[in-house]
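In what follows, a single structure is set out as structure tokens and then discussed.
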Amino acid sequence: MRRIAIGLMVCGFALAILGGSAGVVSWTGQAEAQARWEQVKPAQAPADTLTRLSFPGQEKEFIVRDGGSRANLLLGPARMEWSSVPGQPGNSIIAGHRDTHFRMLKDLKRGDVIAVERGAKKFWYRIVDFEIVRASDNTYYRPTAAPMLTLVTCYPFYYVGPAPKRYIVRAEMLEKSS
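Taken in order, the sequence shown gives residues 28 to 205; the numbers are from our numbering.
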């Protein structure tokens with residue numbers, strides 16, 4: 028019985044270290060991306076693939092990488108490479124983990140404003156809808172004629188293990204500034 032208890036404690040400790048290290052990697056990745064953003068000066072590097080996603084009402088901002096690979100998602104939000112570039116016609120899809128950067132999506136409200144900067148341009152979006160769908164439901168991937176921003180994370184936010192659903196935030200573009 029004692030061996031089982033010790034084994035369970037060791038497993039719990041290992042899982043805590045693993046979970047904590049993933050959080051450290053994700054926030055460190057954001058700090059490094061933010062430093063790169065500041066160094067590159069977006070106005071001087073329009074071809075750069077970094078995007079800054081800001082939530083003024085929540086005082087949060089993230090650097091978004093292009094490509095939804097596991098490595099990119101570990102470091103922060105990532106734009107699905109096959110989706111539209113922010114500010115362009117079509118559906119720009121950005122995904123992030125619910126247990127790090129995109130947990131704050133639960134605090135958003137309809138009408139909140141989101142700013143997206145890419146290269147020398149800044150775009151403003153207003154949240155128009157929220158949706159909770161099955162993980163297998165890909166209707167939010169559909170292309171759109173107008174510029175649309177779709178944010179995706181797993182749901183429920185405080186679920187242990189692979190979440191069965193997705194939390195979708197849809198926002199329409201308001202204006203573009205240079």
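Glycine is no exception: its CB is placed at the ideal position from the N, C-alpha and C atoms.
Assigned exposure category for residue i - 16 Cβ within 10 Å defines buried
{"i": "V179", "result": "buried"}
{"i": "V187", "result": "exposed"}
{"i": "S96", "result": "exposed"}
{"i": "R169", "result": "exposed"}
{"i": "T55", "result": "exposed"}
{"i": "P113", "result": "buried"}
{"i": "R193", "result": "buried"}
{"i": "R125", "result": "buried"}
{"i": "Y182", "result": "buried"}
{"i": "L132", "result": "buried"}
{"i": "A105", "result": "buried"}
{"i": "T177", "result": "buried"}
{"i": "G223", "result": "What the structure shows of the chain is the stretch from 28 to 205, and residue 223 is not part of that stretch, so it cannot be assessed."}
{"i": "R30", "result": "exposed"}
Residues that DSSP places opposite residue i in a beta bridge
{"i": "V179", "result": "A122, I195"}
{"i": "Y152", "result": "I141, M200"}
{"i": "F82", "result": "K87"}
{"i": "R169", "result": "Bridge partners of R169: none, in fact."}
{"i": "I31", "result": "Note: I31 sits in no beta bridge, so no partner."}
{"i": "V160", "result": "R193"}
{"i": "A147", "result": "A147 pairs with nothing; no bridge assigned."}
Where residue i sits in the DSSP three-state scheme
{"i": "K133", "result": "helix"}
{"i": "F55", "result": "Correcting the residue identity first, residue 55 is Thr in this sequence and not Phe. DSSP places T55 in helix when its eight states are reduced to three."}
{"i": "A62", "result": "helix"}
{"i": "R97", "result": "helix"}
{"i": "V112", "result": "coil"}
{"i": "V187", "result": "coil"}
Distance CB(residue i)-CB(residue j) smaller than 9 Å
{"i": "D164", "j": "I154", "result": "no"}
{"i": "I141", "j": "S81", "result": "yes"}
{"i": "N118", "j": "T171", "result": "yes"}
{"i": "A198", "j": "Y167", "result": "no"}
| query | Is there contact between the stretch 156–163 and the stretch 101–110, where contact requires at least three CB pairs shorter than 8 Å? | reply | no
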